[in-house]
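Numbering (the numbering used here), first residue to last: 1 to 370. Each remark here refers to the structure printed beneath this line.
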Ligand code: ADP
Ligand code: MG
């Protein structure tokens, strides 16, 4: 069964100057829909190509279904591969594209025909078997590519930005098709994307990558609710980031962070020392707003500088009394409207504030997408 283990794998290019994959270890479970998520250039494609066997690691081991595959060529790894651009044979019709694998493997005619039909019915394109690729839409071509990748019997599907070239609407429907198909056929899928909404919608678990490294692995809820790395708080969902110092460590799991100009916030958690410089992150949708100045713990005064009505939500840009800027997102249905120039109080629920060591190179550098 195709569980995949990547152990301490490193791959460098340009004579070692570009470390595309930097000592990565991952365990992808059998029948799991797993995504590699991160900004462009973080090493996702390189890692996928290593798993596929299209390139070789400099260090480390890769196991597929318990078998060490470092020296196994791609065609013997039992994988199907789908790329961003529809890598179909342009002069073959849909049928010949899809049955290419079975024919190369010289399967019996009956079996090839049955598989071809099954695969095309599965992606709802059997009636287009005679079409050539350029007669199809992008979404259709990608469904053919998927059928072709699976026709040779692969149980491990590797997908590199498979929805990246499609229109927004098609991308959304194909997301669900893709996940359903992987689940119905009990495949293991490794899906590369830089789109966090796509990764969280489609995946059982996600590895968030940056600069060749895996920062955190978890299911979408875990990554959203409990980011272990400041970049994860930035890349999954949205966060406000503020800097401060730990001014007091209390008994049990509580401490106080002083923001600029000494504004105090109580925070839950442990492992921080008095005097430590920290960055806090808080989701715009975790914050509360009240009219005027309301004196309460964990409430900071501010002024609304901008309001954007976004349908379901309203987005407020707020300047806090210490000069820091934050964004607060509130559901429109709450019917609590604030306008630009209005004085407000922003509530920071202690249990929804994430605290991270202040990044050595500064916040901007740590959160940069390049
Ligand atoms: P991603 O898929 O996350 O955008 P890649 O894995 O394609 O990232 O690339 C990771 C890094 O490795 C980038 O800096 C890229 O320029 C570099 N890289 C990838 N493939 C090669 C190659 N064949 N030769 C040289 N550099 C490469
Ligand atoms: Mg890529």
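Ideal placement from N, C-alpha and C gives every residue a C-beta, glycine not left out.
Exercise for the section: Starting from the C-beta of residue 137, find all residues in its chain whose C-beta is less than 8 Å away, skip the five residues before and the five after it, and write them out in chain order. Expected result: Working through the chain shown from its first residue, we reach residue 137 at position 137. Here the set comprises 170.
Problem - Distance between residue 272 and residue 254 (C-alpha atoms, nearest Å) - result: Sequence index remark: in the chain shown, residue 254 carries index 254 (1-based). Sequence index remark: in the chain shown, residue 272 carries index 272 (1-based). So the two alpha carbons sit approximately 10 Å from each other.
Exercise for the section: Using the Cα positions of residue 108 and residue 114, report the straight-line distance between them to the nearest angstrom. Expected result: Here residue 108 corresponds to residue number 108 of the chain shown, with the count starting at 1. Here residue 114 corresponds to residue number 114 of the chain shown, with the count starting at 1. Near 10 Å, if we compare the C-alpha coordinates of residue 114 and residue 108.
Exercise for the section: Return the CA-CA distance between residue 173 and residue 311, expressed in angstroms with no decimal places. Expected result: Here residue 173 refers to the residue found at position 173 when the chain shown is read from its first residue. Here residue 311 refers to the residue found at position 311 when the chain shown is read from its first residue. If I take the Cα positions, the gap works out to 22 Å.
Exercise for the section: Could you tell me if the beta carbon of residue 13 falls within a distance shorter than 8 Å of some heavy atom in the ligand ADP? Expected result: Sequence index remark: in the chain shown, residue 13 carries index 13 (1-based). The answer is yes for residue 13.
Handout entry: Residue range of the unbroken beta strand (DSSP E) whose run includes residue 315
Key = As a first step, residue 315 must be located in the chain shown, where it is residue number 315. Run containing residue 315: 313–320, per the beta strand (DSSP E) assignment.
Exercise for the section: Could you check if residue 381 is buried or exposed, using at least 16 other CB atoms within 10 Å of its CB as the buried criterion? Expected result: For residue 381 there is no data in the structure shown, the boundaries of the chain being 1 and 370.
Handout entry: Residues that DSSP places opposite residue 325 in a beta bridge
Key = For the purposes of this step, residue 325 is taken as the residue at position 325 of the chain shown. The partner list for residue 325 (beta bridge, DSSP) reads 319.
Handout entry: Member of 27, 91, 9 and 165 whose CA lies at the smallest distance from the CA of residue 3
Key = Start at 1 with the first residue of the chain shown, and residue 3 comes out as number 3. Ranking the options by Cα distance to residue 3, first place goes to 27.
Practice task
Please confirm whether residue 178 and residue 146 have their CB atoms less than 9 Å apart.
Solution key: As a position in the chain shown, residue 178 is number 178, starting the count at 1. As a position in the chain shown, residue 146 is number 146, starting the count at 1. Yes, the Cβ-Cβ distance between residue 178 and residue 146 is below 9 Å.
Problem - Anticipated Cβ contact below 8 Å, residue 257 with residue 358, distance rounded - result: Locating residue 257 in the chain shown gives position 257, where the first residue counts as 1. Locating residue 358 in the chain shown gives position 358, where the first residue counts as 1. Wrong, their Cβ atoms sit about 11 Å apart, outside the cutoff.
Practice task
Verify the contact flag: residue 35, CB atom, against every heavy atom of the ligand ADP, threshold strictly below 8 Å.
Solution key: Counting from 1 along the chain shown, the entry for residue 35 is found at position 35. Residue 35 Cβ: outside cutoff for every heavy atom of the ligand ADP.
Practice task
Report the residue from 342, 309 and 326 whose alpha carbon sits nearest the alpha carbon of residue 333.
Solution key: Position 333 of the chain shown holds residue 333. Among 342, 309 and 326, the Cα nearest to that of residue 333 is on 309.
Exercise for the section: Go ahead and pull the three-state DSSP assignment for residue 290. Expected result: Indexing the chain shown from 1 puts residue 290 at position 290. Looking at residue 290 - three-state DSSP - the assignment turns out to be strand.
Handout entry: Paired residues, beta bridge with residue 331 - DSSP
Key = Along the chain shown, read from residue 1 onward, the residue named residue 331 stands at position 331. In the DSSP output, where bridge partners are listed per residue, residue 331 has 313.
Handout entry: chain D contact for residue 289 (CB, 9 Å cutoff)
Key = Protein chain content of the structure displayed is limited to a single chain, and chain D is not contained in it.
Problem - Three-state secondary structure (DSSP) of residue 274 - result: Walking along the chain shown from the start, residue 274 turns up at place 274. Residue 274: coil per DSSP, three-state reduction.
Exercise for the section: Using alpha carbons as the reference points, say which of 194, 130, 231 and 295 lies closest to residue 367. Expected result: Locating residue 367 in the chain shown gives position 367, where the first residue counts as 1. That would be 231, whose Cα lies nearest to the Cα of residue 367.
Problem - CB-CB length for residue 260 against residue 323, believed under 8 Å - result: For the purposes of this step, residue 260 is taken as residue 260 along the chain shown, with counting starting at 1. For the purposes of this step, residue 323 is taken as residue 323 along the chain shown, with counting starting at 1. The Cβ separation is near 7 Å, so the contact holds.
Exercise for the section: Determine which residues share a DSSP beta bridge with residue 279 and list them. Expected result: Here residue 279 is taken as the residue at index 279 of the chain shown, counted from 1. Residue 279 pairs with 243 and 356.
Practice task
Could you tell me if residue 198 is buried or exposed, where buried requires 16 or more neighbouring beta carbons within 10 angstroms of its beta carbon?
Solution key: Within the chain shown, numbered from 1, the residue matching residue 198 stands at position 198. Its Cβ being crowded by 16 or more others within 10 Å, residue 198 is buried.
Practice task
Report, in whole angstroms, the separation of the C-beta atoms of residue 12 and residue 58, which I expect to be a contact under 8 Å.
Solution key: Along the chain shown, read from residue 1 onward, the residue named residue 12 stands at position 12. Along the chain shown, read from residue 1 onward, the residue named residue 58 stands at position 58. Confirmed, about 6 Å.
Problem - Rounded straight-line distance, which links the Cα of residue 212 to that of residue 8 - result: Taking the first residue of the chain shown as position 1, residue 8 is located at position 8. Taking the first residue of the chain shown as position 1, residue 212 is located at position 212. Taking the straight line joining both Cα atoms gives about 12 Å.
Handout entry: For residue 193, the nearest candidate out of 25, 35, 87 and 282 (CA to CA)
Key = Taking the first residue of the chain shown as 1, we reach residue 193 at position 193. Nearest of 25, 35, 87 and 282 to residue 193, Cα basis: 35.
Practice task
Find the nearest neighbour of residue 297 within the set 263, 280, 67 and 175, judged by alpha-carbon distance.
Solution key: For the purposes of this step, residue 297 is identified with residue 297 of the chain shown, where counting begins at 1. It is 263.
Practice task
Compute the Euclidean distance between the alpha carbons of residue 141 and residue 120, then round it to the nearest angstrom.
Solution key: Your numbering for residue 141 matches position 141 in the chain shown. Your numbering for residue 120 matches position 120 in the chain shown. Whole-angstrom Cα-Cα distance: 12 Å.
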